[in-house]
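One point on numbering: in the working numbering, the residue at position 387 of the sequence shown is 387, and numbering is uninterrupted.
Have a look at the structure below, then the notes.
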Amino acid sequence: MPRHFCNSPDHFISRRKLLFGAAQAGAFLAMAPKGEALSASPAVNPRGTAKSCIFITMTGAPSHVDTWDPKDGPWNPADARLQQHSGGVVLSQTLFPTFSQLTSDLLMVRSVTSWELAHDRGQFYTQTAHPSNPAFIAESPHIGAVVSYEIGKSGPLPPFLALNVNSQFQGAKFLGGFNEPLIAPVQATGLSTLQHPYYGNNSQARFNQKYDMLRKLDAPLIASPYSDEMAAHATFYDSAKQLMYDPRVAGVFQFTTDESARYGDTAFGRACIVARNAVQAKLGISFVNVVYDGWDTHVGMFDHSYTPNMYTLCNTLDRGVGNLISDLKATGDLASTLIVMLGEFGRTPGPLNPQGGRDHWKDAMSIAMAGGGIKGGRALGATSPTGDEIIDPGWSGNRGIFIEDIACTIYSALGIDWTKSIANTPSGRLFEYVGQAAAGVFTSVDEVFG
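Given below as structure tokens:
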């Protein structure tokens with residue numbers, strides 16, 4: 001989870017803000033019937049419309065009123081070129097030229113809200129659908145790790161792939177093992193460790209020979225391991241070996257210079273290519289988290305001389321995800337691939353701040369979705385004319401949609417019961433896939449499916 005160090009007061013959370021936010025969350029969760037949180041889950045019917053999910057986290061918090069919920073007003077740049085599309089979708093043709101041609105595939109969810117106002121806490125919340133509580137960080141796995149745990153290993157590649165992440169990325173935590181994300185580079189040469197060409201054409205045979213010797217030497221320890229960890233270690237070796245000298249696996253992480261150029265010649269664009277390859281290869285990957293940092297636009301957001309600005313940020317997103325959608329659609333994979341684009345909270349609506357940017361805002365935000373059973377070509381929910389508050393939730397919950405609800409929706413699309421929990425955690429505390437979902441406080445937003 002990247003840290004942001006601009007001088008905005010939004011980046012310094014006071015004790016009062018922290019306690020006030022916790023009180024708000026506590027008041028909302030208090031609606032759950034007492035004594036039912038640990039009871040059997042109510043009957044739920046996961047949709048099961050998707051086989052995989054590409055989860056694009058726009059860290060830094062994109063401005064909802066300049067991306068998925070733009071408002072007509074004097075704060076817009078002269079070249080915004082806002083265009084009304086069918087279904088209530090509005091997009092800037094300047095910022096999103098490719099998305100403007102793909103509106104029939106896009107769903108804009110405009111009635112989203114957040115508990116958080118600080119980046120690190122918000123990014124943790126976005127990745128896990130759980131509040132950032134220090135006592136539970138080690139027992140709050142990433143949504144992708146929960147998906148991996150549920151769906152399981154079905155090919156040579158692990159289920160959870162993470163691209164453009166850093167050391168603060170929230171992984172599998174106590175779920176561990178095969179549920180940890182495969183964190184891979186995004187470069188045309190792919191993964192350099194999949195082959196050892198030192199012996200030329202004899203390299204694979206020599207490798208297999210040495211691996212067989214290793215297994216014979218380890219055989220007594222494998223037969224009578226000192227611990228469960230040692231036994232699991234041998235299994236990891238075998239799984240890793242399956243990745244070696246397999247052109248299908250290598251191909252997931254490789255692409256041509258022409259493809260890179262078409263996707264924008266950016267790290268984000270290249271990550272979108274790898275995400276596309278991972279879905280199309282069908283080698284076991286079911287959840288891909290692509291991180292796109294830089295959306296902390298407090299200053300000069302429409303100033304071409306300031307980096308990053310909304311023109312470069314949005315155009316990069318538009319080109320990368322736009323081509324991703326088009327390519328998956330061409331092969332028929334979009335129908336079974338859920339794409340979600342979101343940040344950790346919204347941005348102050350109305351006029352820009354004195355520095356030409358927008359500050360943090362949690363009362364209203366927007367996300368965009370495509371594929372995986374989602375009904376596109378429309379907007380769900382509505383905010384006020386300036387985008388400062390939700391005036392129409394647009395769904396049966398009749399309230400703002402929280403990240404918890406988004407997680408429930410992702411799980412539902414992938415055929416996972418979002419009300420499940422795990423009791424045998426290291427601390428003995430119950431881990432709920434989505435906190436309070438079993439009590440019905442949070443649930444899948446079925447309206448996104450049409």
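Don't be surprised by glycine CBs; every beta carbon is placed ideally from N, CA and C.
Computed from a prediction, not measured in an experiment: that's the story for all the values here.
In terms of alpha-carbon separation, which member of the options lies closest to residue i?
i: I339; options: S167, V109, Q84 and P308; result: V109
i: L157; options: A184, Y125, P131 and L324; result: A184
i: G435; options: I422, S427 and N208; result: I422
i: I401; options: G381, D417, T419 and G415; result: G381
i: L91; options: W75, A78 and K71; result: K71
i: S104; options: I416, P77, K420 and G371; result: G371
i: D293; options: Q204, F174, G60 and G144; result: G60
i: S396; options: P426, F449 and R347; result: F449
i: P74; options: L217, A413 and P351; result: P351
i: K362; options: A368, I390 and M369; result: I390
i: E432; options: D446, E447 and Y411; result: Y411
i: S239; options: Y226, K216, S224 and Y211; result: Y211
i: M341; options: V299, Y306, V321 and R358; result: V321
i: A250; options: L191, Q204, N76 and V44; result: L191
i: A162; options: V274, L283, P308 and Y306; result: V274
i: N289; options: D69, V186, N208 and T193; result: V186
i: P257; options: T189, G428, M213 and K282; result: As written in the sequence, residue 257 is Thr, which differs from the Pro given in the question. For the residues T189, G428, M213 and K282, the minimum Cα distance to T257 belongs to T189.
i: A281; options: P77, S154 and S227; result: S154
i: D417; options: A78, P77, Y149 and Q209; result: Y149
i: L214; options: L194, Y237, N201 and S227; result: Y237
i: G177; options: D392, Q93 and E229; result: E229
Since I believe residue j is in contact with residue i (beta carbons under 8 Å), could you give me their beta-carbon distance rounded to a whole number of angstroms?
i: G356; j: F302; result: 7 Å
i: N164; j: V291; result: 5 Å
i: F55; j: F287; result: 7 Å
i: D388; j: P354; result: Between P354 and D388 the Cβ distance is about 18 Å, and since that is not below 8 Å, they are no contact.
i: Q170; j: H142; result: 5 Å
i: S444; j: C408; result: 4 Å
i: P134; j: V147; result: Not a contact, Cβ separation roughly 25 Å.
i: Q127; j: S100; result: Actually they are not in contact, since the Cβ atoms of Q127 and S100 sit about 29 Å apart, beyond 8 Å.
i: R47; j: A368; result: Going by Cβ atoms, the distance from R47 to A368 rounds to 19 Å, so no, they are not a contact pair.
i: V112; j: A379; result: Wrong, their Cβ atoms sit about 12 Å apart, outside the cutoff.
i: L107; j: I374; result: 5 Å
i: T383; j: D69; result: 6 Å
Short of 7 Å in beta carbon distance, which residues of its chain neighbour residue i, apart from the five on each side in sequence? Order them along the chain.
i: A86; result: According to the sequence provided, residue 86 is Ser. The question's Ala does not apply to it. Contacts found: G377.
i: M310; result: D66, L95, T297, M301 and F302
i: P97; result: D318
i: W295; result: M58, T59, G60, A61, P62, L313 and G343
i: R262; result: N323
i: R276; result: L324, D327 and L328
i: A129; result: I143, I403, E404, A407 and V434
i: H196; result: S203 and F207
i: Q93; result: R81, Q83 and S100
Ignore the nearest five residues each way along the sequence and tell me which others in residue i's own chain have a CB closer than 8 Å to its CB.
i: G125; result: This sequence places Tyr at residue 125; Gly is not what is there. The answer, listed in chain order, is S114, W115, E116, P131, S132, E344 and I403.
i: A145; result: F160, G171, A172, K173, L175, N179, E180 and P181
i: L430; result: L38, S421, I422 and A423
i: H304; result: Y311
i: E447; result: L380, G394, W395 and S396
i: V299; result: C6, Y306, Q355, G356 and G357
i: S260; result: A188, G269, R270 and I273
i: L283; result: G155, P156, L157, R248, V249 and V252
i: P426; result: A138, E139 and F174
Quick one: residues in its chain with C-beta nearer than 6 Å to the C-beta of residue i, no 5 flanking neighbours on either side, listed in chain order?
i: R206; result: Y199
i: Q242; result: P156
i: G346; result: H64, W361, A364 and M365
i: S336; result: A50 and K51
i: G415; result: P46 and G48
i: V279; result: S52, D333 and T337
i: I151; result: P159 and S286
i: N499; result: The displayed coordinates of the chain run from 1 to 450. Any statement about residue 499 would go beyond what the structure contains.
i: N76; result: none
Between residue i and chain D, is there a C-beta pair that is closer than 7 Å?
i: F178; result: Considering every chain present, this structure includes no chain D. It has just one protein chain.
Inset, instruction - Output the residue ranges of the beta strand (DSSP E) runs that lie fully inside the stretch 128 to 215 and measure 3 residues or longer, sorted by chain position. - result: 160 to 163 and 182 to 184
Legend entry - Contact the stretch 105 to 119 vs the stretch 236 to 251: 3+ CB pairs below 8 Å: no
Inset, instruction - Please determine if the stretch 134 to 150 and the stretch 263 to 272 are in contact, where contact requires at least 3 C-beta pairs separated by less than 8 Å. - result: no
Inset, instruction - For the stretch 391 to 440, list the alpha helix (DSSP H) runs that are entirely contained and at least 4 residues long, ordered along the chain. - result: 403 to 413
Legend entry - Length at least 3, wholly inside the stretch 321 to 368: the beta strand (DSSP E) runs in chain order: 337 to 342
Inset, instruction - Would you list, in sequence order, the uninterrupted alpha helix (DSSP H) runs of no fewer than 4 residues that lie entirely inside the stretch 52 to 130? - result: 119 to 128
Inset, instruction - Would you mind listing the alpha helix (DSSP H) stretches within the stretch 295 to 320 that are 4+ residues and don't spill past its ends, in chain order? - result: None, since the stretch 295 to 320 contains no complete alpha helix (DSSP H) of that length.
Legend entry - Every unbroken beta strand (DSSP E) inside the stretch 227 to 288 [3 residues or more]: none
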